[in-house]
Amino acid sequence: MRHDLTMLPGADPTEAARALVAVREDAVVRAVMNRLSPAEAALVVTSAPGVEAQTRLIWALAKPRRAAVVDHMAPVAMAAMIQNRERRNRRLLGDVSLEGFERILAFCSPAQRYYWLSLANSFADAGANLLVLLLPPEQVAEALLTVPEFRSRLHRLRAFSPGGFDETPPVADERLKAVLLRLIEYDADCYRDVIEAAFRLLDRGVAPPVSARQPAGHESIELPGIPEVPPLLPAAPDAEAPDAAPAFKLPPYLPMPVHTGDGLVRAATRMLSPARRQALQRETERAFSDEVRADGGSLAMADLERAAARVQAYIRLGLQGMPDQPEQVAAALEKVPLRDIVRRGSLILEQLRQVAVRLSHFTPAMDARQRDLLNAVLRPRVTFDGESASAALWMAAPDRRRRPEAVPVAEIQERLADLSVWVATARALGLRALTERLAAAMNGSLAVSAALGVALLTYGHWDPRALESDALRRFRDSHFDRERGAWRAGTEEAVRGAADTWAQRARIEAAMRPRVVSRVLEAMRQLEGFLRVRQSVSWDRFAPGKPTPRRRVARDVEDGEEEETS
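By the count of this note's numbering, the sequence shown reaches residue 574 at its end, each step adding exactly one.
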């Protein structure tokens, strides 16, 4: 059966790409692709569904025509195709013009620029290998300085003489060596210019930022309340009118992964007018492109998916305070530019990060889980949690063998509030650091809160002796009913009253006192459960939030019997 396919003028390139991909005979695909003009072929390749389909179509072109088609493609879209099928598509760099390669590098961070420079020199192709020589030496040096070995051996690289006793530069990294060898082989003067440019960049290097001032002892730690963010305002009436919609949908600037987890925004989008829906799509693609670029410019599909999830999270955070009703969200999306919504969401995260910065001065007094929380907020990795349909931050799991867990931002905010309560408590206790074992526990700070309750009932005030195991055993003997496995009558009420009195005497802020008392009571409940299953007790063994293995319970019972006997 003879195939005679062609692309009619004005045809939808997406439909044309799907039709070509459906053809099994490679000879037919080659014939059709090579009959198209470079502009038409570029549009068809970009519109193909997925990297595999794009790869098949681009390699169906003959070498001279393929270079012309590459010139008509958006450089970043072409770079995404290369990075996601690196082994097969890296040779397309030999067809990229210098201008196109510079546009790819302009999209990237210096570290990602080094990726492209090393990839262009990972195979023998004059067109790809020469790209590094055509770039300004400062740009090449900035990328190479992201490699630790290049920085550490820079003086030896300056002393290295091309054509001398040593045949290759004194580096072990094969990718770095390939780039340097290419510079030396094609133009030794260019190699020297790059090395000298690296020294100049280091001489002009900016000093590390000075850490924030540590608060004085009398300064308060504020509870992280709901951030004060600007309201969502409609766009100005004289804003630029949206461009006229094309006859067919153009492919996006970047291959944007489709996330369908946010049902609320998806339902609201369907309620928008057709013109606003198309404008919102373009705004989303622009926000996605900006996010990819801000994250370093990696175009690997896994990185693109993470960037799309971050944009989705920023949108949901930007809509914070709005009822979860599609009609309300649609009304906001109809009038408010998406960039303002995204900016509002990022501002909420930044305000939470500032709270974490203020609390970070008290890290020695925090346990392992509190430090995990602080790290998650100080270096936020934002995502969209499909289960809770909300913005979330990645946080290390309690079990380090498991993958990080996505914690909703609302829960992060509540945990930060609890952490600030603990910091206020630790300062009132004069506690500058936890013991090594309590600091390593997932919730060791709660053990200190329980020791505070023990001290208040034992000594009438805080006393560090309460952290001794003997004090815990004496308190168990006098206040814990072993037959019932619970505190004796009146113990919890006594702790509540004593904790409230202590918080007032310690001059803890009035807004924090109820939470301080609640934290002490929660610690005492955890201690009650601990005493119920353990016979041999100590503060080091008390790790709230950590389940007690059955084998350890049995061993502790045996140890307890020996202790009682002795």
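Cβ coordinates follow ideal geometry from the N, Cα and C atoms, glycine included.
- According to DSSP, Ala399 shares a beta bridge with Phe392.
- In the displayed model, Trp495 falls within a strand according to three-state DSSP.
- Straight across, the Cα-Cα distance linking Leu327 with Ala25 is about 37 Å.
- Distances from the alpha-carbon of Ser105 to those of Arg121, Met81, Gln120 and Cys116 put Met81 closest.
- Under the 8 Å Cβ criterion, the region 369 to 379 counts as touching the region 435 to 444, having at least three qualifying pairs.
- The beta carbon of Gln378 lies closer than 8 Å to those of Leu427, Trp430 and Ser453 in the same chain, with the five residues before and after it left out.
- With respect to the 8 Å criterion, Ala276 and Pro334 are classified as neighbours on the basis of their beta carbons.
- Pairing Arg387 with Asp548 gives a Cβ-Cβ distance that is not under 8 Å.
- Here Tyr199 is buried: its Cβ has 16 or more other Cβ atoms, across all protein chains shown, within 10 Å.
- By the neighbour-count criterion, in which a residue is buried when 16 or more other Cβ atoms sit within 10 angstroms of its Cβ, Arg43 is exposed.
- In the structure shown, Asp548 adopts coil according to DSSP, grouped into three states.
- Distance from the Cα of Leu280 is smallest, within the candidate group Ala338, Leu272, Ala308 and Pro242, for Ala338.
- Assignment of Pro242 by DSSP, reduced to helix, strand and coil, places it in the coil class.
- Taken atom to atom, the span from the alpha-carbon of Glu395 to that of Arg527 is near 29 Å.
- With 16 or more other Cβ atoms inside 10 Å of its own Cβ, Glu299 counts as buried.
- Within the same chain, Cβ atoms closer than 7 Å to the Cβ of Ser546 are found at Ser477 and Leu480, the five residues on either side in sequence being excluded.
- Of the other Cβ atoms in all chains shown, 16 or more fall within 10 Å of the Cβ of Leu382; this residue is therefore buried.
- Per DSSP, reduced to three states, the secondary structure at Phe488 is strand.
- DSSP places Val344 outside any beta strand (DSSP E), giving it a letter other than H or E.
- About 6 Å separates the beta carbons of Trp495 and Glu536, which is inside the 8 Å limit, making them a contact pair.
- In the displayed model, Ala414 falls within a strand according to three-state DSSP.
- Within its own chain, the residues whose Cβ lies closer than 8 Å to the Cβ of Glu342, once the five positions on either side in sequence are excluded, are Leu280, Ser281 and Arg284, listed in chain order.
- Pairing Leu325 with Leu357 gives a Cβ-Cβ distance under 8 Å.
- For Ala400, the closest alpha carbon among the candidates Arg366, Arg314 and Leu288 is that of Arg314.
- Ala404 and Gln359 have their alpha carbons spaced roughly 21 Å apart.
- In the structure shown, Leu381 adopts helical secondary structure according to DSSP, grouped into three states.
- Between Thr63 and Arg38, the CB-CB gap reaches or exceeds 8 Å.
- Taking a C-beta distance under 8 Å as the contact criterion, Val344 and Pro242 qualify as a contact pair.
- Shown here, Ser160 sits in a helix according to DSSP, grouped into three states.
- In the three-state reduction of the DSSP assignment, Tyr467 falls in the coil class.
- In this structure, the straight-line span from the alpha carbon of Tyr467 to that of Asp393 is close to 47 Å.
- Leaving aside the five residues that flank Leu188 on each side, the residues in its chain whose CB is nearer than 6 Å to its CB run, in chain order, Pro177.
- Annotated three-state conformation of Trp67 is coil, per DSSP.
- In this structure, the alpha-carbon of Pro144 lies about 13 Å from that of Asp197.
- Rounded to the nearest angstrom, the gap between the Cα atoms of Gln147 and Leu355 is 32 Å.
- By the neighbour-count criterion, in which a residue is buried when 16 or more other Cβ atoms sit within 10 angstroms of its Cβ, His487 is buried.
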